[in-house]
Each structure stands twice: as structure tokens, then as C-alpha cells.
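Under this note's numbering, the first residue of the sequence shown carries the number 15, and numbering increases by one thereafter. We put the CB at the ideal spot given by N, CA and C, even for glycine. Since the model is a prediction, treat every value here as computed from it, not as a measurement. Beneath this line is the structure, given in C-alpha cells, with notes to follow.
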Amino acid sequence: MPQPEFRADDFVNPEAPEDERRLRPDHPRVRDHSYECSRTTQEVDLWKASLVSTVMDPWDAYPDGGDVPEDAVPGPSLTLFVKERGRGPGYVADFLYEAADLPVTVHGILANEGAGLGLIELELWRPGWGYWDSFGDFVGPSEENAALPVSAPITSDVLRRIPVGLIVARAQAELADQSWKEEAITVFGRPRTAGPELAAASLQALENANALAQPAQRGRPPLEEKLLHRVARAYLREAANGPGLHRRLADHFDRPEPTIKDWIKAARVRGYLSPAVPGRRAAGPGPLLGRPESGPGVPSA
15 MPQPEFRADD FVNPEAPEDE RRLRPDHPRV RDHSYECSRT TQEVDLWKAS LVSTVMDPWD
75 AYPDGGDVPE DAVPGPSLTL FVKERGRGPG YVADFLYEAA DLPVTVHGIL ANEGAGLGLI
135 ELELWRPGWG YWDSFGDFVG PSEENAALPV SAPITSDVLR RIPVGLIVAR AQAELADQSW
195 KEEAITVFGR PRTAGPELAA ASLQALENAN ALAQPAQRGR PPLEEKLLHR VARAYLREAA
255 NGPGLHRRLA DHFDRPEPTI KDWIKAARVR GYLSPAVPGR RAAGPGPLLG RPESGPGVPS
315 A
């Protein structure tokens, strides 16, 4: 296979000796665009438009005001970031996990896609990782951390030491807790605010995380009438728009498609949509759809 031919504008430093030239970060021959940001930038981005909770603090073992021995080893840390802009249906939160015995920072995404809260993405961030910008300067750790030793390769032993089960369990306990509705919480850059007084985007993000993080229950309780009424109305409105009905409803309610299908089934059974008819895909309005909505309220989508 012939070697590709490059022109001067393919490089960020075309005047450099041939063996020192570097392709532009956005060049199609470059594997991806991850050169445009460092891990530090990724971590800073997690804090933007997020509701943040420290679930595990490195010094949890020592009470406030207690003496910490000089040779004390910090424990693991786990921080949750509930993004106000969800990453897709079923998204719950991002997290960062660090521990003294791990040579990497663990970044992951928690979601509920119809089978309970779980981990759907995992990244391992190596300390000191950065990139070369278009001026030939290295963008990475601060000067005091610039001399960090090169991390050892990630081995199967390192992977086994990432406590996935503990991360999910501790995150679920925190995210399913609804005490924020009565207690004031702190949003960066703003005064402490009671739950109902939160900005609409923050309130929606918390309510969505609460709902999706609830532990699975045997014999799930019946869905509220108001929710089924809204599901039926949305179903009838979207059914006329052709294929992709479940996906559009998943986007509208910010829930995974399996959950939407369960809700539609319940709306049929409870009389908000007509029963399924062989040969017909779409349902019609059920006998209860004309009744006024009742039952306790649910978060608006």
C-alpha cells in the first residue's frame, strides 16, 4: 500500500525537520480528537452545570476535628456529578473514584436502562496525561505535578481492584435519597437553596436521578394515574408521526425505551389506551382518558 503524501498545511509545524513534524489534531489521519483536551479539562467540565455530591471522602475514617496521624493513608473518594443536561435516556450521573492503591482515576457513567442502576461507561485516567497544543506547548498537569512518575501499565490486578459493586451501591444510596426536598442544598456560586426553590434544570435533574436510582422492588407498585394519563396523551400525539414512537417517547420522558413500553402496557391495562387489536399497531384512547387527572403528581417531563 503506498504511503500517504502530506502537504505543509497538514502539519502544525511544517518548518520543523521531517522527523519532528506533527500532524494537526483535526487531521483525518489522526486517530481521534482527544488531543484537544487534557484529563484536567475533562474533570473541570464535570463540574459545569452539575449537582455535585461527595459520597466517600478520603478522610472519612477521622471525625471532624480529630487528629490525623502523619503516616495516615487517605481512604478512597467517590464524587457524583448529576449533570443538568442528561447524556441520554436513562442517564443518572457521572462519577469519579480514586484510591491510594489505584494508579488511575476511575471515571464512569451511571444509568438505568430498564434493569436498575448500573455502570454503562468506564474510563481510566492516567495521572499527568495531557496533549501538545498547536503552539508546541504541553498542556497537562501543573508545574508542581509535572515530575509525576510514569504510571505502570494497567494490569488485570488493577482492574480487579476497582470496586464496581461498591461504587454502584454507594451511588444508589446517595442518589435515591430524597432528603434534599426538605433540606437546603448548596449550588456552586449561589446561596443555599431549599429543594422546591431550585432552578428548573437543577430540580428536574435531581428528580430524574431520584426516580432512576430507586432500588428495584418485587411486585412493583402500580403506576400513578396522572403519569398514565400523560403517557397515553403523549402516545396518541406521537403515534401519528410514524416509526420511532418508543424512541421519541423515551426522549420526551427522559426514560429508557423498556420503561416506556412498560408504561404503555400499563396504560392499556388500566384503560387509558384501547386494548391491542390484531393487525393494528397503534392504540386509540381508552375509556378513562377523558376523566380528569387524579392521584399524586409526578415530575413533569
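Hey, quick one: how far does the alpha helix (DSSP H) through residue i stretch, first residue to last?
i	result
S170	S170 to R174
A227	A214 to A227
L242	E239 to A253
Considering residue i, what are the terminal residues of the beta strand (DSSP E) in which it resides?
i	result
A107	Y105 to E112
A125	T119 to N126
G132	L131 to W139
So, residue i versus residue j, is the Cβ gap smaller than 8 angstroms?
i	j	result
S91	D59	no
V69	L94	yes
L250	A281	no
I11	F267	Residue 11 lies beyond the residue range present for the chain, which begins at 15 and ends at 315; the question has no answer from this structure.
L226	L136	no
V141	A190	The sequence as given places Pro at residue 141; Val does not occur at that position. Contact flag unset, no.
G104	A125	yes
Tell me the DSSP secondary structure of residue i in three-state form.
i	result
K275	helix
Q192	coil
V82	coil
W61	helix
L263	helix
V87	coil
L180	helix
V26	coil
R45	Below a pLDDT of 50, predicted positions are generally treated as unreliable, and R45, at 47, falls in that range; no measurement from the model is reported.
Return yes when the C-beta of residue i is under 7 angstroms from any heavy atom of the ligand SAM, and no when it is not.
i	result
E29	Although the ligand SAM was asked about, the structure shown includes no ligands whatsoever.
What do you get for residue i, buried or exposed, if any count of 16 or more other CB atoms within 10 angstroms of its CB means buried?
i	result
V82	exposed
D273	In the sequence under discussion, the amino acid at residue 273 is Thr, which differs from the Asp named in the question. It counts as buried.
W194	buried
G300	buried
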